[in-house]
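Only one structure is covered here, and it is reproduced in the block below.
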Amino acid sequence: MTKQTILGRVTQLAKANVNALLDQAEDPQKLLDQLIRDYSNNIADAEEAVATTIGNLRLLEQDHQEDVDAAGEWGGKALAASRKADELRSGGSAAEADKFDNLAKVALGRQLQSENEAKTAEPTIAAQTEVVDKLKNGLDQMRNKLTELQAKRDELVARARSAQAQNTMMDAVKNIDILDPTSELSRFEDKVRREEAKAMGKQEMAASSLDAQFESLDSLSDSAEVDARLAALKAGGRAA
Numbered sequence: 010m011t012k013q014t015i016l017g018r019v020t021q022l023a024k025a026n027v028n029a030l031l032d033q034a035e036d037p038q039k040l041l042d043q044l045i046r047d048y049s050n051n052i053a054d055a056e057e058a059v060a061t062t063i064g065n066l067r068l069l070e071q072d073h074q075e076d077v078d079a080a081g082e083w084g085g086k087a088l089a090a091s092r093k094a095d096e097l098r099s100g101g102s103a104a105e106a107d108k109f110d111n112l113a114k115v116a117l118g119r120q121l122q123s124e125n126e127a128k129t130a131e132p133t134i135a136a137q138t139e140v141v142d143k144l145k146n147g148l149d150q151m152r153n154k155l156t157e158l159q160a161k162r163d164e165l166v167a168r169a170r171s172a173q174a175q176n177t178m179m180d181a182v183k184n185i186d187i188l189d190p191t192s193e194l195s196r197f198e199d200k201v202r203r204e205e206a207k208a209m210g211k212q213e214m215a216a217s218s219l220d221a222q223f224e225s226l227d228s229l230s231d232s233a234e235v236d237a238r239l240a241a242l243k244a245g246g247r248a249a
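Sequential numbering of the sequence shown, starting at 10, is according to this note's numbering.
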């Protein structure tokens, strides 16, 4: 994967709005797991791309420094040759002086060539430095995002487990709630109450039957009293 592709992917992932993604997800935990895998894989790719890009940049910088150093060395040689030529010319050795002036020109040509090569490399070095800075920055953001994702996932898993435990507890409480009409205890209580009501009904019926018997007995007593008084009346009449 090229560094341009890596840079684009790093930038995209680093700017991702995790909260918005979670709000749209049907299964947030599954999404977080996938995002963590994506970030981990792309972080590994980005680290490799950054390392390669930094390595290439360092090579360019070394070549540039060599050109700068070479330009300085050739400038020094040109100066030495020119001074030697001036010294020989002062001594009357014109031919030898021309020879050293020619050497000075050659050295100056090499100096100019090294300076041009160094100058040509500078825009590339600047561009590569910018890419490295962006990759490093994006890589840091991705690492921060990965830490954020892992924390959110751990929080979500903890909340899910807590909610599951609460639901399990509430289901258990509901199953033993004596006020629950579907519970075994409630049905047993209703059965006991019906039996108690039945017993009370039987007691009332027994009481009613007993009252009727006493009423019949009272009626018999009244009838006997009437018969006794009638007999007494009759007996009194005969005596008269």
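Backbone N, C-alpha and C fix where the C-beta goes; we use that ideal spot for every residue, glycine too.
Spatially closest choice to residue i from the options, by CA coordinates
i    : options               : result
L41  : Q74, R92, T156, G100  : T156
D107 : D95, G118, L117       : D95
G84  : I45, R119, E75        : R119
K145 : D47, D236, V59, R98   : V59
G64  : T138, R168, K93, G101 : T138
Q250 : D110, I45, A127       : Residue 250 falls outside the range modelled here, since the chain spans only 10 to 249, and no answer is possible.
V140 : R98, A55, A241        : A55
Alpha-carbon to alpha-carbon, residue j and residue i
i    : j    : result
T2   : E105 : Residue numbering for the chain in the displayed model covers 10 to 249; residue 2 lies beyond these limits and cannot be assessed.
K243 : E234 : 14 Å
A79  : T129 : 15 Å
D47  : E164 : 19 Å
D236 : E204 : 49 Å
T62  : N50  : 18 Å
Q38  : M179 : 24 Å
A136 : E75  : 19 Å
N176 : R162 : 21 Å
A160 : I45  : 11 Å
K211 : K200 : 17 Å
L158 : L66  : 33 Å
Collapsed DSSP secondary structure at residue i in the structure displayed
i    : result
G81  : helix
G147 : helix
S218 : helix
L242 : helix
Cβ neighbours of residue i in the same chain (closer than 8 Å, five flanking residues each side left out)
i   : result
I52 : L148, M151, R152, L155
Beta-carbon proximity list for residue i, same chain, < 6 Å, skipping 5 on both sides
i    : result
A113 : A87, A90, S91
R238 : none
E213 : none
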